[in-house]
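Those protein sequences? They're chains F and B, same order as listed.
Going by our numbering, the first sequence runs without a break in its numbering and finishes at 457.
Going by our numbering, the second sequence runs without a break in its numbering and finishes at 457.
We treat Cβ as the ideally placed atom computed from N, Cα and C, and that holds for glycine.
Computed from a predicted structure; not experimentally measured.
Since the structure comes first, as C-alpha cells, the remarks are kept for the end.
There are 2 protein chains.
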Amino acid sequence: MHPITKPTLLLDEDIAHANIKRMSQKAQKHNLTFKPHMKTHQSAHIGDWFKAEGVEAITVSSVTMANYFAENGWSDITIAFPVNLTEIETINDLAEKVRLTLLVNSTFTAQQLQKKLTADVDCYIEIDTGSKRTGIPTEDISTINQLLNVLKGVDKLSWKGFYSHPGHSYNARSMEEIQNIHQTVAWKIKQLRSIVSDSTSSYEVCIGDTPCCSKCTNFDSIDAISPGNFVFYDLMQYQIGSCKVSDIATAVTCPIVDRYPDRNQIAIYGGAIHFSKEVLETINGLKHYGWIAEKENNGWKIMDNDTYLMKLSQEHGIIQCSDTTFDRFAIGDTLMVLPVHSCLTANLLGRYRLLKSQEEIISFS
Amino acid sequence: MHPITKPTLLLDEDIAHANIKRMSQKAQKHNLTFKPHMKTHQSAHIGDWFKAEGVEAITVSSVTMANYFAENGWSDITIAFPVNLTEIETINDLAEKVRLTLLVNSTFTAQQLQKKLTADVDCYIEIDTGSKRTGIPTEDISTINQLLNVLKGVDKLSWKGFYSHPGHSYNARSMEEIQNIHQTVAWKIKQLRSIVSDSTSSYEVCIGDTPCCSKCTNFDSIDAISPGNFVFYDLMQYQIGSCKVSDIATAVTCPIVDRYPDRNQIAIYGGAIHFSKEVLETINGLKHYGWIAEKENNGWKIMDNDTYLMKLSQEHGIIQCSDTTFDRFAIGDTLMVLPVHSCLTANLLGRYRLLKSQEEIISFS
C-alpha cells in the first residue's frame with residue numbers, strides 16, 4: 093500500500109463484520125426481516141458482506157443509490173425516502189429490473205403515481221413515530237385511512253405496510269432514554285396495528301434507527317428492521333449509548349502539518365470537506381468534531397478526553413491536545429480521528445482503506 | 093437542459109462575473125497583486141473567468157488542487173496551507189512544472205525541505221494576525237527571525253514574504269467590526285514590516301479573507317490579496333456584511349417531496365450530503381442551514397425571514413415555512429435554497445448548472 097498522504101478513511105473490517113453479524117443474528121432471534129440501510133457505507137463491496145450473512149433485501153435513501161445497488165446485484169430494494177416524483181422515469185426503469193418499494197406519504201403523491209407509474213412497485217406508508225421529520229403522525233388515523241383508500245385505486249402500487257425512522261432516538265443520551273423512546277414507538281405502532289388491522293389484510297411494519305435496533309429487545313409489533321449506521325457506528329452513537337468505542341469501525345488518518353506549543357494545538361490536513369461540520373456536544377458542554385484515537389489491540393482507543401478536533405475550516409483541522417498528548421504528535425506524521433458522524437464522513441471521502449487486508453475499496457458517491 | 097431531479101447547484105454566471113470584476117478592479121486600484129483562491133469553486137472553467145480579467149497567479153488549499161489547476165494551464169500557484177510533508181513527491185513533481193509557492197511555518201518543516209526538495213520553490217511564512225488557526229503570531233518576532241535564518245540555508249527555497257488568512261473576520265457582524273479587524277491586521281503587518289525590513293531584502297505580504305477584501309480600502313502595508321469565497325458569496329458573508337443578497341451567485345434547487353400543513357413544513361430532497369452541516373445563527377438566535385429564495389429580476393430574493401432550512405439529515409431537508417409561503421410549495425415542484433457556506437456546498441455537489449447559458453460545468457472534487 094502507498095503511504096498515507098491525504099485524509100484517508102480507515103475501515104477495520106473485523107469490527108464491521110462483527111457489527112453486521114451481531115445485528116443479523118439479533119434480527120433472526122426476534123424473527124425480524126433484516127433490510128439493512130446502505131446509506132452509511134454506500135459501497136457494493138461492503139454490501140457483499142451483508143449478502144454473506146444471508147441478507148436479501150436492502151434499504152437506501154435515494155433513487156441514485158437504489159440504481160447503484162441494483163447494478164451490483166441487489167434485487168429487493170426499499171427507497172426509504174418520500175417518493176421524489178421528479179425522478180419518476182428512473183423509478184419506472186428501476187422497477188422493471190428489481191422489486192422496488194417506495195414510501196408514499198400523501199394522497200397527492202399516490203394520485204400522481206396512478207398517472208405516472210408504468211411498472212409494478214410496492215409501497216410503505218411512512219409513519220412519524222415521534223421524529224417529526226417525514227411521514228404521517230401515527231396518531232393521525234384519519235389521514236392514514238384516507239391514504240390507504242386512495243392507494244387501493246393506484247393500479248401499479250401494492251401497499252405492503254408501514255415504515256418509520258424513529259430518528260428522535262438520536263437525542264437519547266443513555267440506555268434508559270433509548271429504551272423509553274423505543275417503548276413509546278412500539279406502543280404507537282401497536283395502537284396503529286390494532287386500528288388498521290380491521291380494515292386491511294396482513295401487512296408488515298419496518299423501523300430503522302441504529303440506537304433502538306442496537307439496544308432494545310422488544311420487537312413484538314415489528315416485522316422488519318432497517319438500521320444503517322451500526323455497520324460503522326461513530327462517536328455520536330457512542331455518546332447516545334448504542335455502542336462501545338471498540339465497536340467503531342472507521343477512523344480518519346490525517347497528516348500532521350503544524351504544531352503550536354503555546355496553545356497545545358496541532359494543525360492537520362483534514363477539514364470540513366472530509367469530516368463535514370457535524371458537531372457533538374458532550375455532557376460537559378464541550379463541542380467538538382471528533383476525538384483522537386490510538387490503536388489498542390485490535391480496536392481503537394480514545395487518547396484522552398482533552399485531545400479532540402476543536403476547529404474545522406475547509407481543509408484545515410485544529411486539534412486541541414492535552415499536556416500529555418501534545419508531544420506525541422510530530423509534523424510529517426499522521427494521527428487518527430474518530431468521526432462524529434461516520435455516514436457523512438464516508439460520503440465525503442468516498443473510499444475506504446481496509447485495515448487488515450490493506451485493500452482499497454470505493455463507494456458510489 | 094434536462095429537468096432538475098436532484099439537488100442541483102445553480103450558478104448565476106452574471107453575478108459571479110460581476111463579483112470577479114469588482115474584486116479585480118479593486119486590486120488594480122490599490123496596486124495589489126490579485127491571487128484569487130480557487131478553493132470555493134474548484135473548477136477550471138470558472139478559473140478561466142479569472143484569466144479573462146488578467147489574473148495570472150492563483151491560490152489553492154491543497155496539493156491535489158494545485159495539480160488540477162496546473163493541468164488546466166495555471167503556472168503560478170500558491171498552496172495556502174502549511175506544507176504537507178507527506179506529499180513531498182507530488183510537490184517536487186509539481187515544482188518542476190510551475191512556479192510553486194508554499195507556506196513554511198516552522199524550522200522543522202524548513203529543515204525537512206532542505207533534505208527533501210528536488211526542485212526550486214518559493215515560500216511565504218504564514219503569520220497569524222488573529223485567527224489562531226495556523227501561522228506564527230505576528231507578535232512572535234523571535235520565532236519569525238529564527239525561521240528566516242533557517243530558510244536562508246534551504247537551498248531550493250526562496251523566501252518571498254508573509255501570508256495571512258485573517259479568518260477571524262468571519263466573526264464580524266457589521267461593517268464596523270470588519271473595519272476594526274482589518275485595521276488591526278493591517279497595523280500588525282505594518283509593525284512586522286518595520287521590524288523585518290532591516291534584516292532582509294524586499295518581500296511581499298499577501299492576505300486573503302473575503303470580508304476585509306470586499307469591504308476595506310486601506311491596503312498600505314499589503315501587496316497582494318487572495319480571497320476566494322467572494323466569487324459566489326453566501327448567507328454567511330451576507331450576515332457578516334461582506335455582500336448584498338443580490339451578490340450571492342449560487343443557489344441549490346431541490347425537489348419538494350412532502351408537505352406537513354400542521355406544522356407549515358416542507359420536506360425536500362436535499363440534506364447534509366448536499367449542504368454540509370454548516371449552521372448559521374441569526375442575530376435573533378435562529379439557527380438555520382439556508383434561506384429559501386425566489387427569482388427577482390436577474391438575481392435572487394429571500395422569500396421571507398420565516399422560511400428557512402431548519403433541519404438536515406443525510407438526504408432529507410426540512411423547511412420551516414411561514415403562513416404565507418407554505419401554500420406556494422407543491423410536491424413534485426422544486427424550490428431554491430441559498431446556502432450558508434457556498435464553498436462546502438460547491439465541494440459536495442461537484443458541478444454547476446449555469447443559469448444564463450444553461451451549460452453544465454464540473455469541478456475537480
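Would you kindly work out how many angstroms separate the C-alpha atoms of Ser116 (chain B) and Asp220 (chain B), rounded to a whole number? 25 Å
According to the Cβ coordinates, are Thr230 (chain F) and Leu284 (chain F) closer than 7 Å? yes
Just to confirm before moving on: does the CB-CB distance between Phe322 (chain F) and Thr302 (chain F) stay below 7 Å? yes
Using a Cβ-Cβ distance under 7 Å, would Tyr255 (chain B) count as near chain F? no
Indicate the three-state DSSP secondary structure (helix, strand or coil) for Gln120 (chain F) in the structure shown. Looking at Gln120 (chain F) - three-state DSSP - the assignment turns out to be helix.
Given that Glu407 (chain F) touches chain B, what residues does it touch there, using C-beta distances under 8 Å? Lys131, Ser153, Ser154 and Phe173
Tell whether a beta-carbon distance below 7 Å holds between Thr199 (chain F) and Leu239 (chain F). Yes, these two residues count as a Cβ contact at 7 Å.
Chain F residues whose Cβ lies nearer than 9 Å to that of Phe200 (chain B): Chain order gives the chain F residues near Phe200 (chain B) as Arg351, Ala422, Ile423 and Gly424, where near means a beta carbon separation below 9 Å.
Mind checking Ile107 (chain B): buried by the 16 CB within 10 Å criterion, or exposed? buried
Proximal residues to Lys189 (chain B) (C-beta, below 7 Å), its chain only, five neighbours per side dropped: Within the same chain, and ignoring the five residues on either side of Lys189 (chain B) in sequence, the residues whose Cβ sits closer than 7 Å to its Cβ are Ala162.
Proximal chain F residues relative to Gln204 (chain B), where beta-carbon distance stays under 9 Å: Ile423 and Gly424
Measuring straight from C-alpha to C-alpha, what distance separates Phe311 (chain F) and Tyr255 (chain F)? Note on geometry: alpha-carbon atoms of Phe311 (chain F) and Tyr255 (chain F) lie some 14 Å from one another.
Within the 7 Å Cβ cut-off, does Ser368 (chain F) reach chain B? yes
Any contact between the region 403-415 of chain B and the region 357-376 of chain B? By contact I mean 3 or more CB pairs, one from each, below 8 Å. yes
Residue burial classification, Glu179 (chain B) (beta-carbon count within 10 angstroms, cutoff 16): buried
Less than 6 Å between C-beta atoms, sequence neighbours within five positions excluded: which residues of the same chain meet that for Met93 (chain B)? Gln450
Pick out whichever of B:Ala136, B:Cys413, B:Arg443 and B:Lys244 has its Cα sitting closest to the Cα of Asp350 (chain B). Cα-wise, what sits closest to Asp350 (chain B) is B:Cys413.
Following the continuous alpha helix (DSSP H) through Lys207 (chain B), name the residue where it begins and the one where it ends. Thr199 to Lys208
Would you grab the beta carbon distance between Gly320 (chain F) and Met130 (chain F) for me? Rounded to a whole angstrom, and I think it's under 8 Å. 7 Å
Please work out which residues of its chain come closer than 7 Å, Cβ to Cβ, to His109 (chain F), disregarding the five sequence neighbours upstream and downstream, and give them in chain order. Trp141
Contacting residues, own chain, Cβ-Cβ under 8 Å from Gly424 (chain B) (five flanking each side not counted): Pro347 and Ile348
For Pro95 (chain F), count neighbouring C-beta atoms within 10 Å of its own C-beta (all shown protein chains included) and say buried if the count is 16 or more, exposed if not. Counting Cβ neighbours within 10 Å, Pro95 (chain F) comes out exposed, since fewer than 16 surround it.
Proximal residues, the region 159-188 of chain B versus chain F, C-beta separation under 8 Å: Phe173, Pro174, Val175, Asn176, Leu177, Thr178, Glu179 and Thr182
Interface positions of the region 429-441 of chain B facing chain F (Cβ-Cβ less than 9 Å), listed along the chain: His433, Cys435, Leu436, Asn439 and Leu440
Checking the sheet assignment: what are the DSSP bridge partners for Leu240 (chain B)? When DSSP reads this structure, Leu240 (chain B) sits in no beta bridge, so it has no partner.
According to DSSP, His129 (chain B) sits in a beta bridge with which residue or residues? Its beta-bridge partners are B:Thr151.
Name the chain F residues whose beta carbon is nearer than 8 Å to that of Arg225 (chain B)? Ala359, Lys403, Ser405, His408 and Ile410
Is the distance from the Cβ of Leu124 (chain F) to the Cβ of Ile299 (chain F) below 7 Å? It is not a contact, given that the beta carbons lie outside the stated cut-off.
Scan the region 397-422 of chain B and note each continuous beta strand (DSSP E) run of 3 residues or more that stays entirely inside, going in chain order. 400-404 and 408-412
Any C-beta of chain F within less than 8 Å: which residues of the region 247-276 of chain B qualify? Gly259
According to DSSP, is Met428 (chain F) part of a helix, a strand, or is it coil? strand
Please work out which residues of its chain come closer than 7 Å, Cβ to Cβ, to Met395 (chain B), disregarding the five sequence neighbours upstream and downstream, and give them in chain order. Ile384, Ala385, Glu386 and Thr417
Taking CB distances under 7 Å as the criterion, tell me whether Ile150 (chain F) reaches chain B. no
Pop quiz: Leu372 (chain F) and Met428 (chain F) are said to be a contact at Cβ under 8 Å. What is the actual Cβ separation, rounded to whole angstroms? Incorrect: roughly 17 Å between the Cβ atoms, too far for contact.
In whole angstroms, what separates the C-alpha of Gly462 (chain F) from that of Arg191 (chain B)? Look at the range of chain F in this structure, 93 to 457, and you will see that residue 462 (chain F) is not part of it.
Let's see if you can read the secondary structure: which residues bound the beta strand (DSSP E) around Lys280 (chain F)? No beta strand (DSSP E) holds Lys280 (chain F); the alpha helix (DSSP H) holding it covers Met267 to Val288.
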